[in-house]
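In the numbering used here, the protein residues as written are 2 to 169.
Listed below in structure tokens is the structure:
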């Protein structure tokens, strides 16, 4: 996705160069190389070409800005889903918040931080059960897309631990 965004922003830069250059100069340069005998458009034609170039730049640039911001920002739902998968991948004896954060970081391809961590859940023996619950963390604002936070509450028959700032 990053390569697609870079290629798209390159296209926007080319569109901006065309729009800033103006249609008269652009038409003169292009026809000099491709069709030296081509007729020059009328002044109204150049005006329409300028409007088309600026409209294309605004539409493509606006759309690409929205797509880029969506790609850069991490929503709380994406974090919660990735954490849910990461806990499933990291489950087992000795589950720690750092291990869950490492799994989630690999899934999201981002740097994540495990904070406000209590002791790890380490079931005593193979007979004990371990399970978890992923939920929004305290003080997390659903409108704040820059730093969404989730809480992973780990449970076992013998202990429980928080991997993240939990509501409780």
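Yeah, the Cβ is synthetic: ideal placement off N, Cα and C, and Gly gets one too.
Predicted model, so just to flag it, every value in this text is computed and none were measured.
Does residue 126 pass the burial test, meaning 16 or more other C-beta atoms within 10 Å, or should it be called exposed? Indexing the chain shown from 1 puts residue 126 at position 125. Note on residue 126: pLDDT 49, under 50, position unreliable in the model; the coordinate value appears next. That one is exposed.
Rounded to the nearest angstrom, how far is the Cβ of residue 1 from that of residue 43, given a contact under 8 Å? This structure does not reach residue 1, given that the chain is present from 2 up to 169, and the question cannot be answered.
Are there 16 or more other CB atoms within 10 angstroms of the CB of residue 163, so buried, or fewer, so exposed? The count along the chain shown starts at 1 and reaches residue 163 at position 162. Any reading at residue 163 must be qualified, since the residue scores a pLDDT of 49, below 50, and its modelled position is unreliable; no value is offered.
Residue 6 and residue 48 look like a contact to me (Cβ under 8 Å); what is the Cβ gap, rounded to whole Å? Position 5 of the chain shown, counted from the start, is the residue given in the question as residue 6. Position 47 of the chain shown, counted from the start, is the residue given in the question as residue 48. Actually they do not touch by this definition, with Cβ atoms about 33 Å apart.
Buried or exposed (CB count within 10 angstroms, at least 16 for buried), residue 60: Counted from its first residue, the chain shown places residue 60 at position 59. So residue 60 ends up on the exposed side.
Do you know how far the Cα of residue 63 is from the Cα of residue 36? If you number the chain shown from 1, residue 36 lands on position 35. If you number the chain shown from 1, residue 63 lands on position 62. Computed Cα separation, rounded: 33 Å.
What separation, rounded to the nearest whole angstrom, lies between the Cα atoms of residue 18 and residue 4? Taking the first residue of the chain shown as position 1, residue 18 is located at position 17. Taking the first residue of the chain shown as position 1, residue 4 is located at position 3. Residue 18 and residue 4: Cα-Cα distance of roughly 21 Å.
Mark residue 30 as exposed unless 16 or more other C-beta atoms lie within 10 angstroms of its C-beta, in which case mark it buried. Numbered from its first residue, the chain shown carries residue 30 at position 29. Burial call: exposed.
The alpha helix (DSSP H) spanning residue 77 covers which residue range? Here residue 77 corresponds to residue number 76 of the chain shown, with the count starting at 1. Per DSSP, residue 77 belongs to the alpha helix (DSSP H) from 77-91.
For residue 56, which of 21, 80, 102, 82 has the nearest alpha-carbon? Here residue 56 corresponds to residue number 55 of the chain shown, with the count starting at 1. Selected option, being the one with the closest Cα: 21.
What does the alpha-carbon distance come out to for the pair residue 87 and residue 67? Here the question's residue 87 lines up with position 86 in the chain shown. Here the question's residue 67 lines up with position 66 in the chain shown. Distance between the alpha carbons of residue 87 and residue 67 is about 28 Å.
Excluding the five sequence neighbours on either side, which residues of its own chain have a C-beta within less than 8 Å of the C-beta of residue 145, listed in chain order? Taking the chain shown and counting its residues from 1, one reaches residue 145 at position 144. Unreliable placement is indicated for residue 145, whose pLDDT of 49 sits below 50; the coordinate value is still reported in the next sentence. Here the set comprises nothing.
Using CA coordinates, which residue listed in 27, 103, 54 is at the minimum distance from residue 16? Within the chain shown, numbered from 1, the residue matching residue 16 stands at position 15. Selected option, being the one with the closest Cα: 54.
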